[in-house]
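Numbering (the numbering used here), first residue to last: 8 to 520.
The beta carbon of each residue, even a glycine, is placed where N, CA and C say it ideally should be.
Everything numeric in this text was worked out from a predicted model, so none of it was measured.
Please read the structure below before turning to the comments.
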């Protein structure tokens with residue numbers, strides 16, 4: 008196709024007669040922006056479109072990109088194009104209105120390289136609809152990526168001195184006033200372009216309902232930590248933004264990250280959204296009852312309390328100074344729960360996947376205790392455990408079923424517990440005490456099996472066996488040798504995380520904050 012034929016096609020498509028068309032080569036600059044570079048000359052238009060494409064493109068597969076310049080009259084009909092000399096610079100103009108937060112194209116002009124911006128202010132006022140005595144500020148929009156570059160233009164300098172060239176974009180506005188920063192979010196062109204470059208719609212979810220978007224806010228990626236929590240607090244109607252705690256999103260698990268964002272722990276919104284070089288648009292929020300800086304000076308532990316005589320479990324959020332001890336936690340729990348007697352002694356256990364891994368010493372500091380992956384369980388110490396004889400053993404007792412894939416391995420479930428066994432006590436005697444403790448009906452209990460389990464392998468007892476003979480006193484990892492209670496797991500099937508236990512028998516759970 009000849010270029011003349013191409014112009015005829017353009018005339019049919021856009022209704023612009025060929026004599027009113029001027030095509031410019033569209034070129035990529037060193038700063039990776041694209042601008043009209045130069046108008047096609049008669050020699051260029053003498054080629055076919057294919058030949059022109061080969062001539063102007065270094066890459067053989069590149070497209071031929073052209074800019075069509077058209078001059079329109081007041082009636083929007085095409086007019087003859089102005090002459091373009093080497094002295095003329097072809098510029099585009101955009102008007103910024105801070106009260107509308109709007110930047111829009113208003114026209115293009117040819118200016119003389121030897122002229123000054125102040126020479127065209129009258130034309131710009133007409134393009135913008137300003138009054139003739141309105142002052143104007145000009146900025147050159149240089150690039151948008153990777154960061155905004157927008158520079159102020161001195162009206163008194165020559166266009167040539169401003170290093171302007173064909174295809175450049177000039178943004179203009181009325182001058183900012185001293186109170187503009189208070190009246191407008193983005194009082195000038197640079198601040199508005201920076202906002203557009205960094206704006207981000209963030210989807211906020213309650214940490215208690217991590218699957219559901221609660222609301223969305225349009226923010227800037229360069230918002231400070233304080234600006235972000237202020238916006239969230241405003242949306243939620245919270246008077247004190249420091250009571251807002253945020254948690255970032257894990258792009259791989261599609262869940263909240265395990266640890267929340269510390270108070271002013273990141274500088275910018277973008278830091279909150281980045282996860283291993285991926286950028287999320289989700290944040291989780293909590294509304295705290297005390298300011299986050301105060302909360303961070305405290306250690307909060309989620310502790311489940313198991314009542315000694317009732318089938319009842321209560322969950323408590325214990326909040327104490329970080330230098331507190333386990334004993335302080337237990338004393339705090341005593342004020343919140345019903346004890347079997349006034350002198351009851353409590354202990355704190357670490358439970359993981361239905362096994363007891365640790366009994367915390369009362370003097371242990373709580374600062375490094377982790378309740379994210381392990382369950383912390385508080386309970387009364389039975390009187391029989393306080394008065395162990397020289398030949399008595401305190402053993403672990405766990406519920407289990409056989410692994411469906413490997414019958415030689417077991418799967419634990421339910422609530423683990425401790426039990427004192429006497430030196431010569433048989434399984435038959437121990438079974439009676441277990442049935443009484445767990446309140447299992449005779450019909451069900453008759454089907455239970457009992458085994459010594461070490462490293463996941465069961466060795467079944469007979470009723471006449473002396474259980475204590477199996478348990479070595481100094482075996483490493485006491486939780487790996489235990490008395491196993493084999494029976495079906497009858498608890499309702501629910502989705503559980505690693506730090507949640509299902510109870511062998513449904514027990515009412517109360518949650519206290």
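- In this structure, residue 122 lies near residue 165, with their beta-carbon atoms less than 9 Å apart.
- In this structure residue 311 is buried. Its beta-carbon is surrounded by 16 or more other beta-carbon atoms within 10 angstroms.
- Residue 30 sits away from residue 86, with the two beta carbons spaced by 9 Å or more.
- Along the stretch 315 to 390, the beta strand (DSSP E) occurs as fully enclosed runs of 3 or more residues at 320 to 328, 353 to 359, 362 to 366 and 382 to 387, listed in sequence order.
- About 6 Å separates the beta carbon of residue 465 from that of residue 417, a gap short enough to meet the 8 Å contact definition.
- Taking one beta carbon from each stretch, the stretch 322 to 331 and the stretch 352 to 362 have fewer than 3 pairs nearer than 8 Å; the two do not touch.
- For residue 321, the number of other beta carbons within 10 angstroms of its own is at least 16, and it is reported as buried.
- In the DSSP assignment, residue 32 falls within the unbroken beta strand (DSSP E) covering 29 to 35.
- A direct Cα-to-Cα measurement between residue 293 and residue 143 gives close to 47 Å.
- Counting C-beta pairs with one atom in each stretch, the stretch 294 to 313 and the stretch 384 to 402 have three or more that are closer than 8 Å, which means they touch.
- The Cβ atoms of residue 98 and residue 73 lie no closer than 9 Å to each other.
- The residue among 207, 80, 493 and 338 with its C-alpha nearest the C-alpha of residue 410 is 493.
- In summary, residue 26 is exposed, with fewer than 16 beta-carbon neighbours lying within 10 Å of its beta-carbon over all protein chains present.
- Remark: C-beta atoms of residue 120 and residue 88 do not approach each other more closely than 9 Å.
- In this structure, residue 298 sits near residue 247, with a CB-CB distance shorter than 9 Å.
- Judged by DSSP in its simplified three-state form, residue 20 adopts helix.
- DSSP places residue 259 in no alpha helix (DSSP H); its state is neither H nor E.
- Per DSSP, reduced to three states, the secondary structure at residue 456 is strand.
- A direct Cα-Cα distance of roughly 42 Å separates residue 53 from residue 196.
- With contacts defined as CB atoms closer than 9 Å, residue 474 and residue 402 qualify as a contacting pair.
- Between residue 428 and residue 400, the C-beta spacing is below 9 Å.
- Going by beta carbons, residue 363 and residue 333 fall outside the 9 Å limit.
- About 7 Å separates the beta carbon of residue 152 from that of residue 39, a gap short enough to meet the 8 Å contact definition.
- Taking C-beta atoms under 8 Å as the contact rule, residue 134 and residue 162 fail to qualify, at a distance of about 16 Å.
- Note on the stretch 235 to 312: whole beta strand (DSSP E) runs with a minimum of 3 residues are 251 to 257 and 289 to 294, in chain order.
- Taking the C-beta atoms as reference points, residue 136 is found no nearer than 9 Å to residue 44.
- Taking C-beta atoms under 8 Å as the contact rule, residue 227 and residue 276 qualify, at a distance of about 7 Å.
- Within the DSSP secondary-structure output, residue 419 pairs in a beta bridge with 407.
- In the DSSP annotation of this structure, the continuous segment of the alpha helix (DSSP H) that includes residue 439 starts and ends at 434 to 445.
- At least 9 Å separates the beta-carbon of residue 210 from that of residue 268.
- In terms of Cα proximity to residue 336, the closest of 432, 349, 348 and 354 is 354.
- The three-state reading of DSSP puts residue 8 in coil, since its state is none of H, G, I, E or B.
- Listed as beta-bridge partners of residue 54 by DSSP are no residues whatsoever.
- A residue is called buried when at least 16 other Cβ atoms come within 10 angstroms of its Cβ; residue 223 does not meet this threshold and is exposed.
- When the Cα atoms are used, residue 265 and residue 461 turn out to be separated by approximately 33 Å.
- Within a 10 Å sphere around the beta-carbon of residue 139 sit fewer than 16 other beta-carbons, which makes this residue exposed.
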